[in-house]
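In the numbering used here, the protein residues as written are 16 to 247. Glycine included, C-beta positions come from ideal geometry on N, C-alpha and C. This one's a predicted model, so the numbers in the text were calculated from it and none came from an experiment.
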C-alpha cells in the first residue's frame with residue numbers, strides 16, 4: 016500500500032458532537048443494529064468522529080513509561096479519508112490511519128490500532144530496539160526460542176498466539192509481533208519471563224537486561240521458521 020499524502024481535517028465542534036453520537040450508539044445499540052447503522056453511514060461516506068493524531072497518540076500510549084510516551088509524541092500522525100486501514104511508513108517516519116476507524120470499527124479499536132502503529136515507530140526510532148531490528152530481530156528471535164518450552168504456562172499469551180496472531184498468515188511476522196506485544200499485553204506477568212524482560216522497558220519501564228546489547232549478530236530470518244518457533 017502506498018502511503019497517503021492528504022490529511023483529513025475536521026472542525027472541532029462537529030467532530031465533538033459526532034463523538035457524543037458515536038459513543039451513545041456504541042453504548043445503546045445491539046451489535047446487529049450498530050452494524051446496520053455503520054453500513055447506512057458509509058453510504059454517505061460519513062465519519063462521525065475522527066480523533067486528531069496528537070490526541071490519539073496520548074490516548075493510545077496512556078499508562079506506558081514516560082520515555083515511550085515522549086518518543087511517541089515525536090511521531091507525525093495523520094488521519095486520511097478512508098473507511099479502514101493505514102500503517103507506519105518508515106521511509107517517511109510517519110503514521111497514517113484511516114479516518115473511519117472510530118465510526119466503523121469502534122472507539123476502543125482506534126486506540127489499539129494507533130498503539131500498534133506507534134510501536135512500529137518506537138522500534139524504528141529507539142536506538143536499542145532499532146539495532147535489533149536492523150539485524151533481523153536476532154535477539155528477539157533468540158528470546159522466543161528460549162521461551163518456547165514454557166509458553167504452556169502462560170495461558171493468555173498461548174491463547175493469543177494460537178487464536179489470533181498465528182492465524183494472520185504472512186502478516187504473522189516478526190515485525191508485527193514486535194508491535195503486537197506491547198499493544199496486547201500491558202501486564203508483563205502474562206508473558207514468559209524472557210519475553211517480558213525483552214519488552215519490559217517499553218511496557219512497565221524496567222531496566223534493560225545487562226546483555227541486551229551484547230553479541231548482536233545478523234541471523235537469517237525465515238517466516239516459516241519464525242512461525243514454527245511460536246507454535247504452542
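Residue i and residue j closer than 7 Å at C-beta
| i | j | result |
| --- | --- | --- |
| residue 131 | residue 198 | yes |
| residue 161 | residue 208 | no |
| residue 159 | residue 59 | no |
| residue 109 | residue 64 | no |
| residue 18 | residue 139 | no |
| residue 101 | residue 234 | no |
| residue 114 | residue 23 | yes |
| residue 205 | residue 172 | yes |
Residue(s) in a DSSP beta bridge with residue i
| i | result |
| --- | --- |
| residue 94 | 112 |
Endpoints, beta strand (DSSP E) assigned at residue i
| i | result |
| --- | --- |
| residue 103 | 101-104 |
Spatial distance of residue i from residue j (CA atoms)
| i | j | result |
| --- | --- | --- |
| residue 137 | residue 247 | 28 Å |
| residue 46 | residue 133 | 29 Å |
| residue 106 | residue 43 | 42 Å |
| residue 195 | residue 84 | 17 Å |
| residue 50 | residue 80 | 36 Å |
| residue 165 | residue 120 | 35 Å |
| residue 218 | residue 77 | 11 Å |
| residue 175 | residue 128 | 17 Å |
Simplified DSSP state of residue i, which is helix, strand or coil
| i | result |
| --- | --- |
| residue 151 | coil |
| residue 177 | helix |
| residue 188 | coil |
| residue 61 | coil |
| residue 119 | helix |
| residue 51 | helix |
| residue 219 | coil |
| residue 226 | coil |
| residue 235 | coil |
Residue interval of the alpha helix (DSSP H) (run including residue i)
| i | result |
| --- | --- |
| residue 39 | 27-43 |
| residue 81 | 81-87 |
| residue 165 | Segment: none, residue 165 is in no alpha helix (DSSP H) and carries neither H nor E. |
| residue 203 | Per DSSP, residue 203 belongs to no alpha helix (DSSP H) and is neither H nor E. |
| residue 124 | 122-140 |
| residue 242 | 238-245 |
| residue 68 | 68-75 |
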